[in-house]
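So in the numbering used here, the last spot in the sequence shown is 245, and the numbers never skip. Here's the structure, in structure tokens; my notes come after.
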Amino acid sequence: MNTWFVAITGASGSVYGLRLVEQLLSAGMGVTLVVTKAGREVMAFETPLALPDAPAAAAASVLRFLELSAHLPLKVVAQDDLFDAAASGSARTEGMIVCPASMGFCGSVAAGLASDLPERAADVMLKERRPLVLVPRETPFSLIHLRNLTMLAEAGAVIVPASPAFYHKPQSIDDLVDFVVGKVLDQIGIEHHLFRRWDE
Ligand SMILES: Cc1cc2nc3c(=O)[nH]c(=O)nc-3n(C[C@H](O)[C@H](O)[C@H](O)COP(=O)(O)O)c2cc1C
46 MNTWFVAITG
56 ASGSVYGLRL
66 VEQLLSAGMG
76 VTLVVTKAGR
86 EVMAFETPLA
96 LPDAPAAAAA
106 SVLRFLELSA
116 HLPLKVVAQD
126 DLFDAAASGS
136 ARTEGMIVCP
146 ASMGFCGSVA
156 AGLASDLPER
166 AADVMLKERR
176 PLVLVPRETP
186 FSLIHLRNLT
196 MLAEAGAVIV
206 PASPAFYHKP
216 QSIDDLVDFV
226 VGKVLDQIGI
236 EHHLFRRWDE
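Shown next as structure tokens:
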């Protein structure tokens, strides 16, 4: 089974990451999920989901929140678990999506810090030339943010900003979220029906 590594960091918009996890699992993919400490805090602030610390309980909570079967292949890993497969280039992770990606996270990866599991996993994706999709959320961008994002794009990451469009006539917040998540799925070649395409 294809397994994607998803990181939800402490930028605003945890709802994007949760919808992405739901779509990947529904598409028959395996998902390994890490939610950073700040990501958990923002998630608890912005959504009704307060993640328990224990990985198995966190996975069960996410599946319950997404109204998905408890048997789907979702594994939640701790931010400091450098023994997880995603920390090694020899593991068969398909790729990684950071959704949403904080500016702090982007800066750390651009600087090559690899100081915890999500940073190390992103570092691995770049060195192994595997897909790394970053969904930054900040406005306005400082020069430092722009330079870090440029460096990441030069190193092979795809930058998909959390900037929904309006040409598909969104009627709800869900429509706006789905546009961004659909653009992420387009990048990793996963079929979806999250928005109506221009040629449909
Ligand atoms: C409610 C809230 C919203 C935030 N929104 C953003 C944001 O949109 N973009 C961003 O880069 N940081 C945002 N932050 C700050 C990050 O959470 C902070 O920089 C954190 O250290 C990021 O850590 P992480 O990358 O390990 O998750 C927000 C913080 C809070 C509490």
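For glycine and all other residues, C-beta sits at the position ideal for the given N, C-alpha and C. No experiment lies behind these values; they were computed from the predicted model shown.
query = Do you know whose CA, among S147, F90, E245 and A167, lies nearest G201's CA?
reply = Here residue 201 refers to the residue found at position 156 of the sequence shown. Nearest option by C-alpha distance: A167.
key: Spatial distance of D223 from G157 (CA atoms)   = The residue labelled residue 223 in the question sits at position 178 within the sequence shown. The residue labelled residue 157 in the question sits at position 112 within the sequence shown. Near 31 Å, if we compare the C-alpha coordinates of G157 and D223.
query = Which of helix, strand or coil does DSSP assign to P185?
reply = Here residue 185 refers to the residue found at position 140 when the sequence shown is read from its first residue. Coil, per DSSP.
task = Assuming L70 contacts V80 (C-beta within less than 8 Å), just tell me the rounded distance between them.
result = Indexing the sequence shown from 1 puts residue 70 at position 25. Indexing the sequence shown from 1 puts residue 80 at position 35. Their Cβ separation, rounded to whole angstroms, is 16 Å, which puts L70 and V80 out of contact at 8 Å.
ask   = When the Cβ atoms of the region 133 to 140 are set against those of the region 106 to 113, are three or more pairs found closer than 8 Å?
value = The region 133 to 140 is not in contact with the region 106 to 113.
task = Use the C-beta contact count for I53: other C-beta atoms within 10 angstroms, 16 or more gives buried, fewer gives exposed.
result = Start at 1 with the first residue of the sequence shown, and residue 53 comes out as number 8. Looking at its Cβ environment, which holds 16 or more other Cβ atoms inside 10 Å, I53 is buried.
ask   = Does the Cβ-Cβ distance between D161 and D129 come in under 8 Å?
value = Along the sequence shown, one-based indexing puts residue 161 at 116. Along the sequence shown, one-based indexing puts residue 129 at 84. Not in contact: D161 and D129 (Cβ atoms no closer than 8 Å).
Cβ separation of V229 and V205, assumed to be a contact under 8 Å, to the nearest whole Å = As a working note, residue 229 is residue 184 in the sequence shown. As a working note, residue 205 is residue 160 in the sequence shown. Yes, V229 and V205 are in contact; Cβ-Cβ is about 5 Å, under 8 Å.
query = If you scan the region 133 to 175 from start to end, which runs of the beta strand (DSSP E) of 3 or more residues do you find wholly inside it?
reply = Runs found: 140 to 146.
ask   = Expressed to the nearest angstrom, what Euclidean distance is found between the alpha-carbon atoms of D219 and P209?
value = Within the sequence shown, numbered from 1, the residue matching residue 219 stands at position 174. Within the sequence shown, numbered from 1, the residue matching residue 209 stands at position 164. Rounded to the nearest angstrom, the two C-alpha atoms are 11 Å apart.
query = If you run the structure through DSSP and keep just helix, strand and coil, what is A52?
reply = Stepping through the sequence shown from its first residue, residue 52 is reached at position 7. DSSP places A52 in strand when its eight states are reduced to three.
request  = Out of L171, T195, M74 and E199, point me to the one whose CA is closest to G134's CA.
outcome  = Position 89 of the sequence shown holds residue 134. Checking every option, the nearest Cα to that of G134 belongs to L171.
ask   = Tell me which same chain residues have a C-beta within less than 6 Å of the C-beta of M74, skipping the five on either side of it?
value = Your numbering for residue 74 matches position 29 in the sequence shown. Here the set comprises N47 and W49.
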